[in-house]
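First the structure, in the form of structure tokens, and then the observations on it.
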Amino acid sequence: MTSQHHDRGFRFPLEMGEIDFLSVLDRLDDGVLITDTKGTIAFYNYAQSKIDGLNPRDVVGLKVTDIYELNNHTSMVMQCVHRRASIKNRTFFYRTCSGKVANTITSVYPLLKGDDVNGVICFVKDYELLQASTPMASITQSRTDLGNGTHYTFADLIGNSPDFQRMVCAARKASSSSSPIMIQGETGTGKELFAQSIHNHSWRNKKKFVAVNCAAIPQDLLEGLLFGTTKGAFTGALDKAGLFEMANGGTLFLDELLSMPIALQTKLLRVIQEKSVRRVGSTKESPVDIKIISSVSNDPRQAVNNNLLRMDLFYRLGVVLLKLPPLRDRRKDMTELVFHFIEKINTLLGTRVEEVSPEVMDLFMTYGWPGNIRELEHLIEGAMNMTGHENVLKINHFSTGMESWEGLGDSPRTPGENIRFNATPSASSSRPEMGRVLPEFQNYSSDGPFSGKGNAPCDGFSRTLPSEPGLSSESGDVKIPLARNQAEQEKLSIKEALTASRGNVTRASSILGISRQLLHYKIKKHGLSRVDFMDR
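Residue numbers (the working numbering): 3 to 538.
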């Protein structure tokens, strides 16, 4: 039994010789499957035939939905085509047309030629064979723990916006030394993910990563938890190592540092200066060698002024200060983050959401996100519980929790009134009735965040505002609703960029100052096709 391939309307977008390339793929121990954008199988290697129990001659030329009990929603191949993005190392169970059940770890990648997806290549590992040939301890370690007590690396940090990438780059550089790092960021911006990533990128990654939330521990217990205790030091005290000793050789993460009492900060400063720790009730000093990472939600310099943080401790712990941008300043990352959480929650709930309606995405692009990424994940998971068998995330899926959104946009970057849903004119006002609301960016001042002096909503596009009675642009006898006027201006900007780039999405997104993913979304939203601009 050997691999099979065909080229009916499909060519591998590679410069190397096709025969040599296929022969290499056929010798791999992992299953390899290549399809076109319709899911038609163009290549099927020997290892894949062993996993599936099928003859390559019977498979090549058929669609993946014909040989597997999958549809366009559950097939990883079709998901990859639709999302134009890779899906890596997913545990995937499926049944073939012959009834054989396969338990695999599968990765799929789009085959790109320019901006076009020409096909998909899949790499499939038989989980049972992998389990039999690999010690169970190492499998468990790789699935549950990337270091000692960590789960994240820099590869897990999602986003390409400039401010975010600058912080990632700075964190990578700072991970190579023993200098303390302080991470400043609002709630939900991913401070602990950064801390774990720094640990796993450092030479200490084989040692423990120990984290403590200073706000979650009663103040009278925090000292003993950090430094350890000696039997008899106080009622009920036992000989017990503290977190400093537990993290020796590794990394200690002090989350919510500003919740630590000033008196305890003094003792912490001494431990950092002396590089040794003394348990509560003991006179013995124990040397410690650790990297300290701390996190604060507010400006540490302001905390010093407010007597919440000792100045000398700030100078010790804030040697490297990383300021994580809030989600409202990362509009370019929104599409990637949304689909990351959709993919994650699809696996969790067994749902099959593949798309987001334009109304929902516009909402995400303009909302203030006081809870940042954690709030985004929370709202998406809640909505996906309401999707049932639908594959498009819509506004109505958020309705059960919409009331709780009112007032959540009262952050410094979310001025103005609110977007109204299902609103009707009020008897006492010409404006729509207040009902289920979300923060709306309207009535901007000249110094507001979207005045042109800061980040613009939707990454430089004018946001589509809801059409309201009496709200229009006039030119003679012609009245154009403001919402339509702004939407058409957005569409015109996209058309001009596509014309200038001759339909090249990468160049067009650069012209507009937005991500490729967001531009693809906008092109689809406005019913445009880049092909129409290729010959202009």
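Backbone N, C-alpha and C define an ideal beta-carbon position, used for all residues, glycine too.
Under the three-state DSSP convention, the category D534 falls into: Residue 534 sits at position 532 when you count from the first residue of the sequence shown. DSSP, reduced to helix, strand and coil, places D534 within a helical segment of the structure shown.
Cβ neighbour criterion (16 or more within 10 Å) applied to M363: In the sequence shown, residue 363 corresponds to position 361, counting from 1. M363 is buried by the Cβ-count criterion.
Of the residues S51, I36, K52, the one placed nearest F45, counting alpha carbons only: On the sequence shown, residue 45 is found 43 positions in, with the first residue counted as 1. Looking only at S51, I36, K52, the smallest Cα-Cα distance to F45 is reached by I36.
Cβ-Cβ distance between S297 and I185 below 7 Å: Your numbering for residue 297 matches position 295 in the sequence shown. Your numbering for residue 185 matches position 183 in the sequence shown. I185 is positioned such that its CB atom lies closer than 7 Å to that of S297.
Euclidean distance between Cα positions of E338 and P289: Taking the sequence shown and counting its residues from 1, one reaches residue 338 at position 336. Taking the sequence shown and counting its residues from 1, one reaches residue 289 at position 287. Straight-line Cα distance between these residues: approximately 45 Å.
Euclidean distance between Cα positions of F246 and G384: Position 244 of the sequence shown, counted from the first residue, corresponds to residue 246. Position 382 of the sequence shown, counted from the first residue, corresponds to residue 384. G384 has its alpha-carbon roughly 39 Å from the corresponding atom of F246.
C124, buried or exposed, once every other Cβ within 10 Å from all chains shown has been counted against 16: The residue labelled residue 124 in the question sits at position 122 within the sequence shown. That one is buried.
Element boundaries [beta strand (DSSP E), containing K127]: Numbered from 1 along the sequence shown, position 125 holds the residue referred to as residue 127. It spans 118-128 - the beta strand (DSSP E) in which K127 sits, taken as one unbroken run.
First through last residue of the beta strand (DSSP E) which encompasses P360: Mapped onto the sequence shown, residue 360 falls at position 358. Segment 360-368 is the alpha helix (DSSP H) holding P360; no beta strand (DSSP E) there.
N- and C-terminal bounds of the beta strand (DSSP E) containing P289: On the sequence shown, residue 289 is found 287 positions in, with the first residue counted as 1. Unbroken beta strand (DSSP E) run through P289: 287-289.
Delimiting residues of the beta strand (DSSP E) encompassing G33: Indexing the sequence shown from 1 puts residue 33 at position 31. G33 -> beta strand (DSSP E) spans 33-38.
Per-residue burial, H399 [other beta carbons within 10 Å of its own, 16 or more giving buried]: On the sequence shown, position 397 is the one that residue 399 refers to. Under the 10 Å beta carbon count, H399 is surrounded by 16 or more other beta carbons and is classified as buried.
Integer Cβ distance of G161 from R332, believed to fall under 8 Å: Here residue 161 is taken as the residue at index 159 of the sequence shown, counted from 1. Here residue 332 is taken as the residue at index 330 of the sequence shown, counted from 1. Right, the Cβ-Cβ distance comes to about 6 Å (below 8 Å), so this counts as a contact.
Inter-residue spacing [alpha-carbon to alpha-carbon] between G151 and I295: For the purposes of this step, residue 151 is identified with residue 149 of the sequence shown, where counting begins at 1. For the purposes of this step, residue 295 is identified with residue 293 of the sequence shown, where counting begins at 1. Here the alpha carbon of G151 sits roughly 15 Å from the alpha carbon of I295.
Segment contact flag, the segment 388-395 with the segment 367-377, C-beta cutoff 8 Å, min 3 pairs: Not touching, per the Cβ criterion.
Sequence-distant residues of its chain with Cβ nearer than 8 Å to M78 (five each side left out): Numbered from 1 along the sequence shown, position 76 holds the residue referred to as residue 78. The beta carbon of M78 is closer than 8 Å to those of I89, R92, F94, T108, V110, C124 in its chain, skipping five residues each way along the sequence.
Opening and closing residue of the alpha helix (DSSP H) in which N348 lies: Numbered from its first residue, the sequence shown carries residue 348 at position 346. Note, N348: alpha helix (DSSP H), 336-351.
DSSP beta-bridge partners of Q186: The residue labelled residue 186 in the question sits at position 184 within the sequence shown. Partner(s): V298, K325.
Inter-residue Cα distance where the pair is V321 and K293: Residue mapping note: residue 321 aligns to position 319 of the sequence shown, counting from 1. Residue mapping note: residue 293 aligns to position 291 of the sequence shown, counting from 1. The C-alpha of K293 is placed about 12 Å away from the C-alpha of V321.
Burial state of P220, where buried means 16 or more other Cβ atoms lie within 10 Å: On the sequence shown, position 218 is the one that residue 220 refers to. Looking at its Cβ environment, which holds fewer than 16 other Cβ atoms inside 10 Å, P220 is exposed.
Residues sharing a beta bridge with N215, DSSP: The sequence position of residue 215 within the sequence shown is 213, counting from 1. Paired residue(s): D257.
Q50 vs G63 beta-carbon contact at 7 Å: Stepping through the sequence shown from its first residue, residue 50 is reached at position 48. Stepping through the sequence shown from its first residue, residue 63 is reached at position 61. Not in contact: Q50 and G63 (Cβ atoms no closer than 7 Å).
Contact belief for L229 with V279 at Cβ below 8 Å, rounded distance in angstroms: Walking along the sequence shown from the start, residue 229 turns up at place 227. Walking along the sequence shown from the start, residue 279 turns up at place 277. One point to set straight first is that residue 229 is Phe, not Leu, in the sequence displayed. Right, their Cβ atoms sit about 5 Å apart.
When T231, S181, G251, M248 are compared against K242, the one with the closest alpha-carbon: The residue you call residue 242 lines up with position 240 of the sequence shown. Nearest option by C-alpha distance: T231.
Assumed close pair Q81, E357 - CB separation to whole angstroms, cut-off 8 Å: Within the sequence shown, the letter at position 79 stands for residue 81. Within the sequence shown, the letter at position 355 stands for residue 357. The beta carbons of Q81 and E357 sit about 11 Å from each other, so the pair does not count as a contact at 8 Å.
With 16 other Cβ atoms within 10 Å as the buried cut-off, status of D222: Residue 222 sits at position 220 when you count from the first residue of the sequence shown. When all chains shown are included, D222 counts as exposed.
M536 CB to nearest heavy atom of the ligand SAH below 6 Å: As far as ligands go, the structure on display features none, and thus does not contain the ligand SAH.
For T39 and Y70, believed in contact at Cβ under 8 Å, the rounded distance: Along the sequence shown, one-based indexing puts residue 70 at 68. Along the sequence shown, one-based indexing puts residue 39 at 37. Rounded, the Cβ-Cβ distance is 17 Å, inconsistent with contact.
Sequence-distant residues of the same chain with beta carbon closer than 6 Å to T42, five excluded per side: As a first step, residue 42 is located in the sequence shown; it is residue number 40 there, counting from the start. Around T42: K65.
Proximity below 7 Å, CB of R312 to CB of I274: Along the sequence shown, read from residue 1 onward, the residue named residue 312 stands at position 310. Along the sequence shown, read from residue 1 onward, the residue named residue 274 stands at position 272. The criterion of a C-beta distance shorter than 7 Å is not satisfied by R312 and I274.
Nearest to E194 (by Cα), restricted to the options P182, N215, S178: Here the question's residue 194 lines up with position 192 in the sequence shown. The shortest CA-to-CA distance from E194 to any of P182, N215, S178 is the one to N215.
Alpha-carbon spacing of N506 relative to R532, whole angstroms: Residue numbering aside, residue 506 sits at position 504 when the sequence shown is read from its first letter. Residue numbering aside, residue 532 sits at position 530 when the sequence shown is read from its first letter. Straight-line Cα distance between these residues: approximately 7 Å.
Nearest candidate by alpha-carbon position, reference I344, set A172, S299, M386: By 1-based counting over the sequence shown, the position of residue 344 is 342. That would be M386, whose Cα lies nearest to the Cα of I344.
Counterpart residues of I89 in DSSP-defined beta bridges: The residue labelled residue 89 in the question sits at position 87 within the sequence shown. In DSSP, I89 forms a bridge with V110.
Closest Cα partner of A301 within the set L114, L326, P182, R59: Looking up residue 301 in the sequence shown gives position 299. Sequence inspection shows Asp at residue 301; the Ala mentioned does not correspond to that position. Distances from the CA of D301 to each of L114, L326, P182, R59 were compared; the closest alpha carbon is that of L326.
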